[in-house]
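Protein chains in written order, with this note's numbering: chain A, 20 to 500; chain B, 656 to 873. Glycine is no exception: its CB is placed at the ideal position from the N, C-alpha and C atoms. Take a look at the structure set out below.
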Amino acid sequence: MRPKLELLDPWLIERILDEAFQLIREPGIRVAPYAVELLHSAGAHVAGDVVRIPEVLARHALETVPHEFFLYDRSGSPVVHYGGDDVHYDPGSSCLNILDSETQRARPAQSRDLVRLVQVTEMLPQYAAQSTALVCDDVPAEIGDWYRLLVVLLYSAKPVVTGAFSGPSLHRLLELLAIESGGSEVLRQRPRAVFDVCPSPPLNWSEFASQNMIDLARAGVPAEIVSMPQAGATAPVTLAGAIVQHAAECISGITIHQLASPGAPVVWGGAPAIFDMRSGTCPMGAIETTMLDLGCAQVGKHLSLPTHGYLVTGDGICVDAQAAAESSISAVLGALAGINMMSGAGMLEFTGCQSIEKLVIDAEVIASAQRLIQGIEQKTDSLAVSMFAQTGLHGDFLKLKETRALFRGEQHFPSAVIDRGAHTVDDTGPDILARARQRIAELLAGYHRPAMSPDREQAILDFARHEARGVDLRMLSCVDA
Amino acid sequence: MRQSVVDGLPDTARNLARQALSEGISPLAAISDGLVPGIEAVGEQFAKRQIFLPDLMASAEAMQAAMGVLDLELRKEGIERPTAGVVVLGTTKGDIHEIGKQLVGTLLAANGFRVHDLGPDVPAQAFAAKALEFGANIVGVSALLTTTMRNQKTVIEELEKAGVRPQVKVMVGGAPVTRRWAEEIGADGYAKDAMAAVALARSLMDAKTQSNSSTVLL
Chain A
20 MRPKLELLDP WLIERILDEA FQLIREPGIR VAPYAVELLH SAGAHVAGDV
70 VRIPEVLARH ALETVPHEFF LYDRSGSPVV HYGGDDVHYD PGSSCLNILD
120 SETQRARPAQ SRDLVRLVQV TEMLPQYAAQ STALVCDDVP AEIGDWYRLL
170 VVLLYSAKPV VTGAFSGPSL HRLLELLAIE SGGSEVLRQR PRAVFDVCPS
220 PPLNWSEFAS QNMIDLARAG VPAEIVSMPQ AGATAPVTLA GAIVQHAAEC
270 ISGITIHQLA SPGAPVVWGG APAIFDMRSG TCPMGAIETT MLDLGCAQVG
320 KHLSLPTHGY LVTGDGICVD AQAAAESSIS AVLGALAGIN MMSGAGMLEF
370 TGCQSIEKLV IDAEVIASAQ RLIQGIEQKT DSLAVSMFAQ TGLHGDFLKL
420 KETRALFRGE QHFPSAVIDR GAHTVDDTGP DILARARQRI AELLAGYHRP
470 AMSPDREQAI LDFARHEARG VDLRMLSCVD A
Chain B
656 MRQSVVDGLP DTARNLARQA LSEGISPLAA ISDGLVPGIE AVGEQFAKRQ
706 IFLPDLMASA EAMQAAMGVL DLELRKEGIE RPTAGVVVLG TTKGDIHEIG
756 KQLVGTLLAA NGFRVHDLGP DVPAQAFAAK ALEFGANIVG VSALLTTTMR
806 NQKTVIEELE KAGVRPQVKV MVGGAPVTRR WAEEIGADGY AKDAMAAVAL
856 ARSLMDAKTQ SNSSTVLL
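Structure below.
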């Protein structure tokens, strides 16, 4: 049996959905002009920028959404399954800062940091997907979003969780992906990336977000709604109330998306959080934030939709016990909830900073969570009696053939990041930060850039250099340095 | 009146302000002896982690409710209430988040500042134009997103272009904003939360140089 955790009673899910449908009807949602006509022509009531969506229209949209889809790696293999209770993790995305490996102080991220982070992620099987994890300070802001994707495509073969910073720039990212995939039709058939799109709480689909949802639907490239209710600030203070808002934002987004292109893939995702009533921050490592993620995902699962959450993050400013505790709790609980994609690993400081050291530590946490959801199974006809028949009361199980045959499947073996050595008082060994650094060095030493067709690589670089010249950038530091 | 502010009771505070006036208490005395000690006590309790943001907001609203009554009387009497300073506040272009900024605005107003809140998604030029129009002492620029944070720098550039930069102090805040960022863009101060923003604004007005962990004069 696979262990599973659910926080919402069935009647509460129905109540949440009922109120979500009420909200999109009254007070309605604020929608940018880009999406208004689409909704209006489908029967929604429009008054200025407020659109009231009838329940029947939203329910129809929910019926046309695919219940599952795959993201593909460069070779065209389906490696990330959005659907059911399958669980995947990717690094948190779009940090401006990185925790410097030497000083362990936050500083603006550079291209070389993103290359390093992508290379480490590529080597860690716990991360099924890459993310466009850092916004590079050494490139102009105008090209910051597609530049991140360029780095990932050049240094990784894994699928990518990404996103655009504006409506128009989405098309630069789609163009890059299409070049890498061998054309926009191949990209549609075997999407390499999913795009995060964030409504603004409460109940607001901005111009940028509306445009992204519609254009992604039409391109057939998966959109991942990242609804971000902040309970007590931009959403009701109760967890149930915030989950209602999340559901209303997702349902309204899906309605826009499916009207643009019925059957296009979309994810019921989010980064909900509580609002800390002392500091005014949104602690991503708080247990209530994790509860929100689980509750929101459960509603999506009830609708048979692919799910996403923002987990495995820490709120402190350094890689310490707090970071490990917060990340471990959410990684494990998210796995038990069967959330398809969990973004956030490596992140600190309310998602404001990435740490590669934390990323490799989080990978160990994730491996444990992945082991947990494999559950406890019957692997032998007799659970224990036949083994006791062989050893008697000597208890020498190490010599049994069953031990040798089965231990690899029963036990997860962490890397040296997790200290299981026997130490003396005088020889305590390196601390976890030192072990993480060592692990990073080993991973980077073993990294080889995944092969890419020379023609496609040249086409990608031609595209990038052409776009870079448009902002007077003469050198792409991720490749030219 | 002090207690109504501490308890965060706008209706009570408003009624007590009316009662004070009807009993012949001067509006300035009602402010300085009733409301100000109340909001100061609330600030102290918040700093000691004894109360929370919703309590703080309720107290600020109570203060403003009473102030509405007393301000009206001051205007009738032709008395200018001394302000702690004139502040123009807004969230940067492209960013529609404003809860943090609203919190700062409410607390600044409760602490005697005259606040002109320009709202969210404010073009950099509008900050400069409004700073000139209102004779601002301080311009506060908020940003929640890492992508829109960069527009805080544009606001400072526009203030310079408009020739108003020497007259105003610029304070920046928002979830992704750090002291280093504030230094980098040439802001005068950074506050990590709303109470720190009030302390920072006072410090900027006093032109004192003080520093603590959450309030930074640059």
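For the alpha helix (DSSP H) containing residue i, name the first residue and the last one.
i              : result
G314 (chain A) : I306 to H321
L664 (chain B) : It is not in any alpha helix (DSSP H) - L664 (chain B) carries neither H nor E in the DSSP assignment.
Y166 (chain A) : G163 to Y174
A786 (chain B) : A779 to F789
I270 (chain A) : L258 to A279
F426 (chain A) : K420 to E429
L378 (chain A) : I375 to L391
Within 8 angstroms of any Cβ in chain B, is that where the Cβ of residue i sits?
i              : result
V154 (chain A) : yes
M296 (chain A) : yes
A160 (chain A) : yes
F89 (chain A)  : no
L115 (chain A) : yes
F214 (chain A) : no
F416 (chain A) : no
Taking residue i as the query, report the chain A residues whose CB atoms sit under 9 angstroms from its CB, ordered along the chain.
i              : result
D772 (chain B) : What D772 (chain B) touches in chain A: nothing, since even the nearest Cβ is about 17 angstroms away.
I751 (chain B) : S219, N223 and S225
Residue i CB to nearest chain A CB: under 8 angstroms?
i              : result
L758 (chain B) : yes
G663 (chain B) : no
P831 (chain B) : yes
D834 (chain B) : According to the sequence displayed, residue 834 (chain B) carries Arg and not Asp. Chain A contact via Cβ: absent.
D848 (chain B) : yes
T801 (chain B) : yes
K863 (chain B) : Residue placement at K863 (chain B) cannot be trusted, given a pLDDT of 39 that sits under 50; the coordinates are not used to answer.
R805 (chain B) : yes
S866 (chain B) : In this predicted model, S866 (chain B) has a pLDDT of only 41, less than 50, meaning its place in the structure is not dependable enough to derive any value.
R704 (chain B) : yes
Which two residues bound the contiguous beta strand (DSSP E) that contains residue i?
i              : result
I244 (chain A) : A242 to S246
P85 (chain A)  : It is not in any beta strand (DSSP E) - P85 (chain A) carries neither H nor E in the DSSP assignment.
K23 (chain A)  : No beta strand (DSSP E) contains K23 (chain A), which DSSP labels as neither H nor E.
N116 (chain A) : N116 to L118
K824 (chain B) : K824 to G828
I793 (chain B) : I793 to S797
G288 (chain A) : V285 to G289
Residue i by DSSP, collapsed to three states: which one?
i              : result
R14 (chain A)  : Limits of chain A in this structure are 20 at one end and 500 at the other, which puts residue 14 (chain A) out of reach.
A39 (chain A)  : helix
S869 (chain B) : Note that S869 (chain B) has pLDDT 47, beneath the 50 cutoff, so the model's placement of it is unreliable and the number below is only indicative. Looking at S869 (chain B) - three-state DSSP - the assignment turns out to be coil, as it is neither helix nor strand.
P97 (chain A)  : strand
M471 (chain A) : coil
Y466 (chain A) : coil
H442 (chain A) : coil
C497 (chain A) : helix
A51 (chain A)  : coil
G693 (chain B) : helix
N359 (chain A) : coil
M303 (chain A) : coil
I437 (chain A) : coil
Going along chain B in order, which residues have a C-beta closer than 7 angstroms to the C-beta of residue i?
i              : result
T253 (chain A) : I754
G299 (chain A) : L708, G755, L758, D848 and A849
G289 (chain A) : Under the 7 angstroms cutoff, chain B gives no residues; its nearest Cβ is about 16 angstroms from G289 (chain A).
Run through chain B and tell me which residues come within less than 9 angstroms of residue i, C-beta to C-beta.
i              : result
L425 (chain A) : The premise fails here: L425 (chain A) is roughly 48 angstroms from chain B at the closest Cβ pair, so nothing lies under 9 angstroms.
F369 (chain A) : A830 and P831
Which chain A residues are close to residue i, counting only those with a beta carbon under 7 angstroms from its beta carbon?
i              : result
R657 (chain B) : The contacting residues do not exist; R657 (chain B) stays about 23 angstroms from chain A at best.
Taking 8 angstroms as the threshold (C-beta atoms), are residue j and residue i in contact?
i              : j              : result
L621 (chain B) : M712 (chain B) : Nothing can be reported for residue 621 (chain B): it is not among the residues displayed for chain B, which extend from 656 to 873.
G17 (chain A)  : D381 (chain A) : Any property of residue 17 (chain A) remains undetermined from this structure, which presents chain A solely from 20 to 500.
Y53 (chain A)  : S229 (chain A) : yes
Y174 (chain A) : R468 (chain A) : yes
L36 (chain A)  : V318 (chain A) : yes
L391 (chain A) : A435 (chain A) : no
L31 (chain A)  : A259 (chain A) : yes
H86 (chain A)  : L378 (chain A) : no
Kindly say whether residue i, judged by its beta-carbon, lies nearer than 8 angstroms to any beta-carbon of chain C.
i             : result
F40 (chain A) : Looking for chain C here will not work: the only protein chains present are A and B.
I want to verify the contact list: residues of chain B whose CB lies under 8 angstroms from the CB of residue i, in sequence order.
i              : result
F184 (chain A) : T802
G239 (chain A) : Those within 8 angstroms of G239 (chain A) in chain B number zero; the least Cβ separation is about 26 angstroms.
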